[in-house]
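K.L.:
Heads up: the sequence shown begins at 2 in my numbering, then just goes up one per residue. Don't be surprised by glycine CBs; every beta carbon is placed ideally from N, CA and C. A quick note: this is a predicted structure, and the numbers were derived from the prediction, not measured.
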Amino acid sequence: MLAFATLASCEDVVEVAVPNEPPRLTIDALIRVDTSQATTLAQVKVKETNSFFESVVPANLTQITIFDLAQNSASILLEDPEGSGIYSSEMSTEALVNGGEFFLQIDFEDEFFVAYASFQQSVKIDSLVFGEGILFDEDDTELVVTFTDVSERDDYYLFDFDLGNFLVTEDEFYQGQTFSFSYFYEDELNPGDELEVSIMGVDEDFANYMNKLIEQSEGAFGPFETPAITVRGNIINATTIDNENNFDNTNTSDNFALGYFAIVQEDKRIIIVEE
């Protein structure tokens with residue numbers, strides 16, 4: 002009993018001050034287009050943030066619509082499966098590539114959130130090979146990526162290396178050239194693991210947005226710390242906007258959704274980790 006009492010006397014209640022923000026929508030509206038296919042699955046994932054330490058839950062929307070402004074047509078995205086917060090619709094790839102500007106509208110609890118996007122071109126991956134180099138640790142896995150930039154335009158690229166790994170690059174120093182670089186996986190990979198690696202063409206605004214997200218996710222933030230800034234995308238709360246020529250939400254500047262709406266060309270390759 003004495004030993005137990007001694008241990009109990011060492012126990013203190015530690016109160017930790019945690020952020021307490023109102024719920025906010027998080028919207029993953031990155032539409033990836035494979036131009037070799039006749040149709041594209043336009044998929045948008047919508048969740049609602051909750052208090053600190055609580056789970057992020059799927060959002061139950063009234064409706065989500067993508068408007069093709071050039072064709073004056075609309076695609077209503079349906080939730081599949083119900084309760085998942087994943088809304089999708091098959092859209093014409095040709096329309097996405099040649100349609101000009103698209104308008105996303107999300108109706109949620111008597112409010113609506115909107116964003117504009119237009120198709121962004123990319124290039125193909127020339128090759129993916131594993132290398133033998135290391136960055137910081139002998140368990141690092143090197144992947145060597147080669148692609149050829151187009152000389153006629155200024156390009157920004159977003160690479161998805163699978164497992165939640167992303168990289169943004171621009172062609173300022175390799176415009177019109179074949180370019181190779183190494184990406185290192187810090188997580189240990191096992192022989193036979195399959196990786197999906199893709200290159201996407203993005204505009205400068207989306208490139209800057211992704212750079213900020215990557216910096217925050219890799220920053221020195223402890224489990225009880227939050228990033229110094231909230232990364233805002235291009236999706237605004239337009240509930241109080243009644244003039245389509247004045248696309249401004251200054252009256253509700255703090256009421257916005259987290260996330261981004263973009264339509265990008267994607268070239269995807271699969272590579273298997275070697276024995």
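Would you identify the three-state DSSP class for residue 96, choosing helix, strand or coil?
P.N.:
Counting from 1 along the sequence shown, the entry for residue 96 is found at position 95. Helix, per DSSP.
K.L.:
Identify every residue that forms a DSSP beta bridge with residue 33.
P.N.:
Your numbering for residue 33 matches position 32 in the sequence shown. According to DSSP, which records beta bridges pairwise, residue 33 is partnered with 265.
K.L.:
Which residue or residues does DSSP assign as beta-bridge partners of residue 214?
P.N.:
To locate residue 214, count along the sequence shown from 1; it is residue 213. DSSP, once it has assigned bridges, lists no residue as partnering residue 214.
K.L.:
If you drop the 5 nearest sequence neighbours on each side, which residues of the same chain put their C-beta closer than 6 Å to that of residue 210?
P.N.:
The residue given as residue 210 occupies position 209 in the sequence shown. For residue 210, where only same-chain residues beyond five positions count, the Cβ hits under 6 Å are 234 and 261.
K.L.:
With distances taken between CB atoms, is the gap from residue 123 to residue 158 smaller than 8 Å?
P.N.:
Along the sequence shown, read from residue 1 onward, the residue named residue 123 stands at position 122. Along the sequence shown, read from residue 1 onward, the residue named residue 158 stands at position 157. Yes; because the gap between Cβ atoms is below 8 Å, this pair is in contact.
K.L.:
Does DSSP classify residue 258 as helix, strand or coil?
P.N.:
By 1-based counting over the sequence shown, the position of residue 258 is 257. Here residue 258 sits in coil by DSSP.
K.L.:
How long is the line joining the alpha carbons of residue 105 and residue 202, rounded to whole angstroms?
P.N.:
For the purposes of this step, residue 105 is identified with residue 104 of the sequence shown, where counting begins at 1. For the purposes of this step, residue 202 is identified with residue 201 of the sequence shown, where counting begins at 1. Taking the straight line from one Cα to the other gives about 20 Å.
K.L.:
Under a Cβ-count criterion, where at least 16 other Cβ atoms within 10 Å of its own Cβ denotes burial, should residue 251 be classed as buried or exposed?
P.N.:
As a working mapping, residue 251 is identified with position 250 in the sequence shown. Unreliable placement is indicated for residue 251, whose pLDDT of 49 sits below 50; the coordinate value is still reported in the next sentence. Flag for residue 251 reads exposed.
K.L.:
Out of 274, 267, 275 and 258, state which residue places its alpha-carbon closest to the alpha-carbon of residue 113.
P.N.:
Taking the first residue of the sequence shown as 1, we reach residue 113 at position 112. Taking only the C-alpha atoms, the option nearest residue 113 is 258.
K.L.:
Use the C-beta contact count for residue 132: other C-beta atoms within 10 angstroms, 16 or more gives buried, fewer gives exposed.
P.N.:
Position 131 of the sequence shown holds residue 132. Looking at its Cβ environment, which holds fewer than 16 other Cβ atoms inside 10 Å, residue 132 is exposed.
K.L.:
For residue 102 versus residue 88, is the C-beta spacing smaller than 8 Å?
P.N.:
Position 101 of the sequence shown, counting from 1, holds the residue named residue 102. Position 87 of the sequence shown, counting from 1, holds the residue named residue 88. It is not a contact, given that the beta carbons lie outside the stated cut-off.
K.L.:
What alpha helix (DSSP H) runs, 4 residues minimum, are completely inside the region 88-157?
P.N.:
The qualifying runs are 94-99.
K.L.:
Go to residue 170, then tell me how far its beta strand (DSSP E) extends in each direction, as first and last residue.
P.N.:
Locating residue 170 in the sequence shown gives position 169, where the first residue counts as 1. 167-171 is the extent of the beta strand (DSSP E) around residue 170.
K.L.:
Relative to the C-alpha of residue 111, which residue among 238, 167 and 137 is closest?
P.N.:
The sequence position of residue 111 within the sequence shown is 110, counting from 1. The candidate whose alpha carbon is nearest that of residue 111 is 238.
K.L.:
Is residue 93 closer than 8 Å to residue 79 when the C-beta atoms are compared?
P.N.:
Along the sequence shown, one-based indexing puts residue 79 at 78. Along the sequence shown, one-based indexing puts residue 93 at 92. In this structure, residue 93 does not lie closer than 8 Å to residue 79 by Cβ.
K.L.:
Have a look at the DSSP bridge pairing and note the partners of residue 182.
P.N.:
For the purposes of this step, residue 182 is taken as the residue at position 181 of the sequence shown. The partner list for residue 182 (beta bridge, DSSP) reads 146.
K.L.:
Here's the rule: buried if 16 or more other CB atoms are within 10 angstroms of the residue's CB, otherwise exposed. What is residue 130?
P.N.:
Translated into the one-based positions of the sequence shown, residue 130 becomes position 129. By the neighbour-count rule (16 or more Cβ atoms within 10 Å), residue 130 is not buried but exposed.
K.L.:
What are the boundary residues of the beta strand (DSSP E) that includes residue 69?
P.N.:
Here residue 69 refers to the residue found at position 68 of the sequence shown. Run containing residue 69: 64-69, per the beta strand (DSSP E) assignment.
K.L.:
Is the CB-CB distance between residue 34 and residue 98 below 8 Å?
P.N.:
Taking the first residue of the sequence shown as position 1, residue 34 is located at position 33. Taking the first residue of the sequence shown as position 1, residue 98 is located at position 97. Yes, they are a contact pair.
K.L.:
Can you find a heavy atom of the ligand HEM that lies under 7 Å from the Cβ of residue 45?
P.N.:
By its list of ligands, the structure shown contains no ligand whatsoever, and the ligand HEM lies outside what it can speak to.
K.L.:
Rounded to whole angstroms, how far is the Cβ of residue 178 from the Cβ of residue 150, which I believe are closer than 8 Å?
P.N.:
Position 177 of the sequence shown, counted from the first residue, corresponds to residue 178. Position 149 of the sequence shown, counted from the first residue, corresponds to residue 150. Indeed, because the Cβ distance is near 6 Å, the residues count as touching under 8 Å.
K.L.:
DSSP has residue 196 in a bridge; who is on the other side?
P.N.:
As a first step, residue 196 is located in the sequence shown; it is residue number 195 there, counting from the start. Answer by DSSP bridge pairing, in chain order: 272.
K.L.:
Can you check DSSP and say which residues form a bridge with residue 1?
P.N.:
The question about residue 1 has no answer, for the chain in this structure spans 2 to 276.
K.L.:
Would you mind sorting residue 77 into buried or exposed? The rule is 16 or more other CB atoms within 10 Å of its CB.
P.N.:
As a working note, residue 77 is residue 76 in the sequence shown. The residue in question, residue 77, is exposed, as its Cβ has fewer than 16 Cβ neighbours within 10 Å.
K.L.:
Helix, strand or coil for residue 207? Go by DSSP, reduced to three states.
P.N.:
If you number the sequence shown from 1, residue 207 lands on position 206. Three-state result, residue 207: helix.
K.L.:
Measure the C-alpha to C-alpha separation of residue 153 and residue 169 and round it to an integer number of angstroms.
P.N.:
Residue numbering aside, residue 153 sits at position 152 when the sequence shown is read from its first letter. Residue numbering aside, residue 169 sits at position 168 when the sequence shown is read from its first letter. The straight-line gap from Cα to Cα measures roughly 20 Å.
K.L.:
Which of the three DSSP states is assigned to residue 40 in this structure?
P.N.:
The residue labelled residue 40 in the question sits at position 39 within the sequence shown. Residue state, collapsed to three classes: strand.
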